[in-house]
Amino acid sequence: DVLAKVENQADRVTRTHIAKTLVEKNVVTRPQQAFDRFLKEGKRAFVKFEGLGLKETIDVIHQSKGFAVLAHPTRYDLSA
């Protein structure tokens with residue numbers, strides 16, 4: 007069900023897509039409940055993101071002549 011909804015959208019399925027589908031299927035009553043019960047770290051449906059680190063990602067973008075912008079900076083353990 008989730009894949010059918012995002013098939014023509016993004017190139018990946020996010021936890022938000024899954025949470026919204028769980029609401030539509032009446033598994034939970036609101037998206038936050040899906041995160042609390044299933045999608046947060048330590049819960050049974052949590053999948054740890056494995057990909058490039060921030061520095062490696064920024065380096066690849068810059069090597070491709072792109073402009074790197076960090077979305078959701080509070081999700082990272084950054085110092086000023």
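Residue numbers (the numbering used here): 7 to 86.
For every residue, glycine included, the Cβ atom is placed at its ideal position computed from N, Cα and C.
Test item: CB-CB of residue i and residue j under 8 Å
{"i": "L45", "j": "I67", "result": "no"}
{"i": "V53", "j": "R43", "result": "no"}
{"i": "Y82", "j": "L58", "result": "no"}
Nearest-angstrom Cβ-Cβ length linking residue i and residue j, presumed shorter than 8 Å
{"i": "R36", "j": "V29", "result": "6 Å"}
{"i": "I64", "j": "A74", "result": "5 Å"}
Backbone secondary structure at residue i - three-state DSSP
{"i": "R81", "result": "helix"}
{"i": "F52", "result": "coil"}
{"i": "L28", "result": "helix"}
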